[in-house]
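Undergrad: Numbering (this note's numbering), first residue to last: 9 to 176.
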């Protein structure tokens, strides 16, 4: 029993040293502002293939499950306002650019948190070749994290749409 207590004390001490709370807050911030638009875009793309009405229904259902029934009128009004405006290529490009910018910050913060937890140092080394290899590994690790999160978003958005399509 004493070894379990020592283990948890060591975990808490290490969490304080690494700054888990601030890293979690930063990741939450980036996730909220970067991943939510990605989910909306994926559901919209799903709407192009199975119909606009079903995609809207799935989007409203998604927000109702996450935010409660009081949020439904707000999102219905937002969808109505979006449908009544002409899409503009410039605004679409700006929106996608901001989403990619937010996602990149999210993934870099996530990578930094993992590297901090596992004690990986990416500073400049005396050997430029080794420094390049470390940064290349860092970039690949970020791409792997990004692809996993994107796959999770895609699956999360696609499964309800496909399910509703086959249920009629």
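For each residue, glycine too, the CB sits at the ideal point set by N, CA and C. None of these values were measured; they are calculated from a predicted model.
(1) Do the region 110-124 and the region 17-34 make contact, defined as three or more Cβ pairs closer than 8 Å?
(2) Below 8 Å, can you find three or more Cβ-Cβ pairs linking the region 108-117 to the region 153-163?
(3) Going by beta-carbon coordinates alone, are residue 68 and residue 82 separated by less than 7 Å?
(4) Residues in its own chain within less than 7 Å of residue 172 by CB, not counting five upstream and five downstream?
(5) Can you name the start and end residues of the alpha helix (DSSP H) that residue 11 belongs to?
(6) DSSP three-state call for residue 135: helix, strand or coil?
(7) DSSP three-state label for residue 76, please.
(8) Contact criterion: CB-CB distance below 7 Å. Does residue 11 meet it with respect to chain B?
(9) From residue 70 to residue 143, what distance separates their C-alpha atoms?
(10) For the putative contact between residue 1 and residue 87, defined by C-beta atoms under 8 Å, what is the C-beta separation to the nearest angstrom?
(11) Nearest-angstrom Cα distance between residue 106 and residue 161?
(12) What separation, rounded to the nearest whole angstrom, lies between the Cα atoms of residue 163 and residue 10?
TA: To lay it out plainly:
(1) A contact is defined here as three or more CB-CB pairs under 8 Å, and the region 110-124 meets this definition with respect to the region 17-34.
(2) Touching, yes, given that three or more Cβ pairs across the two stretches are closer than 8 Å.
(3) Residue 68 sits at position 60 when you count from the first residue of the chain shown. Residue 82 sits at position 74 when you count from the first residue of the chain shown. In this structure, residue 82 does not lie closer than 7 Å to residue 68 by Cβ.
(4) Along the chain shown, one-based indexing puts residue 172 at 164. 62 and 66.
(5) For this step, residue 11 is matched to residue 3 along the chain shown. Run containing residue 11: 10-26, per the alpha helix (DSSP H) assignment.
(6) Position 127 of the chain shown holds residue 135. Three-state result, residue 135: coil.
(7) In the chain shown, residue 76 corresponds to position 68, counting from 1. Note: residue 76 maps to coil in three-state DSSP.
(8) In the structure shown, chain B cannot be found, because there is only a single protein chain.
(9) In the chain shown, the residue the question calls residue 70 occupies position 62. In the chain shown, the residue the question calls residue 143 occupies position 135. One C-alpha to the other measures close to 38 Å.
(10) Limits of the chain in this structure are 9 at one end and 176 at the other, which puts residue 1 out of reach.
(11) Reading the chain shown from its first residue, position 98 is the one you call residue 106. Reading the chain shown from its first residue, position 153 is the one you call residue 161. Using only the alpha carbons, I get a separation of about 18 Å.
(12) Here residue 163 refers to the residue found at position 155 of the chain shown. Here residue 10 refers to the residue found at position 2 of the chain shown. One C-alpha to the other measures close to 44 Å.
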